[in-house]
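Q: First residue of the sequence shown: 146, per my numbering; consecutive thereafter.
Glycine is no exception: its CB is placed at the ideal position from the N, C-alpha and C atoms.
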Amino acid sequence: MASKVTWWQIGAILLMNAAVVVAEFPASGFNIRPETPAPDFLSSPLNVTFRRGELAVLRCSVYNLGTKTVVWRRHEHSFPLTSGTLTVVADDRIQIGHVDFKNQWDLMIKNVQPEDEGMYECQVASTNRNIRRLVSLTRCIIIIIIIIIIIIIIIIIIIIIIIITIIIIIIIIIIIIIIIIISSSSSSSSSSSSIIISIIIIIITYINVVMYSYSKAEAMEITISGEQYVERGEPVTLHCNVTGQHYTPDEIDWFRNGEKVTSEKHKGVKLLKQLSMAHKTFTSILSIDKATMEDSGVYVCRSSNMHIANTKVHVLSGKDTAETSNKKRGTYHDGSMIDIGNTTRGFTN
146 MASKVTWWQI GAILLMNAAV VVAEFPASGF NIRPETPAPD FLSSPLNVTF
196 RRGELAVLRC SVYNLGTKTV VWRRHEHSFP LTSGTLTVVA DDRIQIGHVD
246 FKNQWDLMIK NVQPEDEGMY ECQVASTNRN IRRLVSLTRC IIIIIIIIII
296 IIIIIIIIII IIIITIIIII IIIIIIIIII IISSSSSSSS SSSSIIISII
346 IIIITYINVV MYSYSKAEAM EITISGEQYV ERGEPVTLHC NVTGQHYTPD
396 EIDWFRNGEK VTSEKHKGVK LLKQLSMAHK TFTSILSIDK ATMEDSGVYV
446 CRSSNMHIAN TKVHVLSGKD TAETSNKKRG TYHDGSMIDI GNTTRGFTN
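1) With 16 other CB atoms within 10 Å as the buried threshold, where does D185 fall?
2) Under 8 Å: does the beta carbon of R401 sit that close to some heavy atom of the ligand GTP?
3) Counting only the same chain and skipping the five closest in sequence on each side, list residues whose C-beta sits under 6 Å from that of T230.
4) Is T393 buried or exposed, if buried means 16 or more other CB atoms sit within 10 Å of its CB?
5) Would you check if the distance between the CB atom of A436 and the CB atom of E396 is smaller than 9 Å?
6) Exposed or buried, what is L200 when buried is set at 16 or more other beta-carbons lying within 10 Å of its beta-carbon?
7) Judging by CA-CA distance, which residue of I317, K247 and R219 is the nearest neighbour of R278?
8) For the beta strand (DSSP E) holding L191, just list the boundary residues, first then last.
9) Taking the C-alpha atoms as reference points, what is the distance between S189 and R204?
10) Which whole-angstrom value is the C-beta distance of V207 and N248, which I expect to be below 8 Å?
11) Nearest CA to the CA of D440: which residue from H459, A270 and D398?
12) Taking 9 Å as the CB-CB limit, is T407 close to chain C?
13) In terms of residues, what are the limits of the beta strand (DSSP E) holding L420?
14) What three-state label does DSSP hand K361 in the structure shown?
15) Identify, in the order they occur along the chain, each residue of the same chain with its Cβ nearer than 8 Å to the Cβ of K457, setting aside the five sequence neighbours on each side.
16) Could you give the C-beta distance for S284 and E262, rounded to a whole number, given that I count them as a contact under 8 Å?
17) Use the C-beta contact count for G389: other C-beta atoms within 10 angstroms, 16 or more gives buried, fewer gives exposed.
18) Starting from the C-beta of W399, find all residues in its chain whose C-beta is less than 6 Å away, skip the five residues before and the five after it, and write them out in chain order.
19) Give a yes or no on whether the C-beta atoms belonging to M264 and S281 are separated by under 9 Å.
20) Can you tell me whether I433 is helix, strand or coil according to DSSP?
21) Could you tell me whether the Cβ atoms of I367 and S448 are closer together than 9 Å?
22) May I have the straight-line CA-CA distance separating T214 from I300, to the nearest angstrom?
23) For I433, which residues from the same chain have a beta carbon less than 7 Å from its beta carbon, with the 5 sequence-adjacent residues on both sides left out?
24) Could you check whether L461 and V512 sit closer than 9 Å to each other, using their CB atoms as the reference points?
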């Protein structure tokens, strides 16, 4: 006789089935918890240039790193340079730039050298190295470009020199041919010699004219003026003017008896400079407030282009005044007096 199934037995069976279903959820792969996002790289430069001795910084920012570790290595090598914030290799130039709770894991190479050039790999530590980013470290090409430009300029200069040399050789050959033709058609050897000498003289004269024209274009006029005889205690003023055709000198220096005169070294001495770009003139004025006997001597003004002019200054004491009262004040140049209004002129090329 079949037994009756009670309601409490049916409830127990349902509870057991529900327990089996719940127990089988993990085995079936069903996961009710949300998955953790995989690490990913943020945007950063993939090419870094450097110059020798600088600090090279290779950027690497990782998002959702979690508990994983960032590793830097040379792309062609398997062993790491850094792991986390730890430097693995024995190179104190290498370190990691990282701030806690930040995404940046930058590889920093101090005093970078040419042998550091190459491809580097920023990798999230894993067995298959599939989460990684490559960063290229290359030398700055500006230096290479400058070197190439210098080489090109040198080559151009050499080519120009070769061309000029060839032209000169051709001219010499033409002159020799002309001389030979003239010599062969001449009736006497004496006339041939005179023709050759005449041609040589013409060539030398032409060269001299060209050289003179060039030197004349670069000539400068330098003049020095001022009183030669002054009483002790009176002021002394000397003017030095340098005038060029194309440019003015950079500086004018003063010397007294071979010693350079400066405002700092010589008390009571003032140096005033005036520059006129329109007239290509540089003027330097040397002034002494109260002349002493030590201020006597030969004064020389010299431009930065090594053009010079000089004059002699006599400081007179009371007893010397009567002896020089009848002398005409003038300026001496090369030992002779030139009556040109107390001005000594010197022209140098």
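A: According to the structure shown:
1) Under a 10 Å Cβ-count criterion, D185 is classified as exposed, with fewer than 16 other Cβ atoms of the shown protein chains found around its own Cβ.
2) For the structure depicted, the ligand GTP is absent and the ligand set is empty, with no information on it obtainable.
3) I241 and H243
4) buried
5) no
6) exposed
7) R219
8) Premise fails: L191 is in no beta strand (DSSP E) and is neither H nor E.
9) 6 Å
10) 6 Å
11) H459
12) Of the protein chains in this structure there is only one, and it is not chain C.
13) V414 to S421
14) Summary for K361: the model assigns pLDDT 46, below 50, so the residue's position carries little reliability; its value from the coordinates is reported in the next sentence. Three-state result, K361: helix.
15) The residues are Q373, G442, V443, Y444 and Y477.
16) According to the sequence as given, residue 284 is Arg; it is not Ser. The distance from the Cβ of R284 to that of E262 is about 6 Å, consistent with a contact at the 8 Å cut-off.
17) buried
18) V406, L431 and C446
19) In contact: M264 and S281 (Cβ atoms closer than 9 Å).
20) strand
21) yes
22) 55 Å
23) P380, V381, G413, V414 and D440
24) The structure shown has nothing for residue 512, since the chain only spans 146 to 494.
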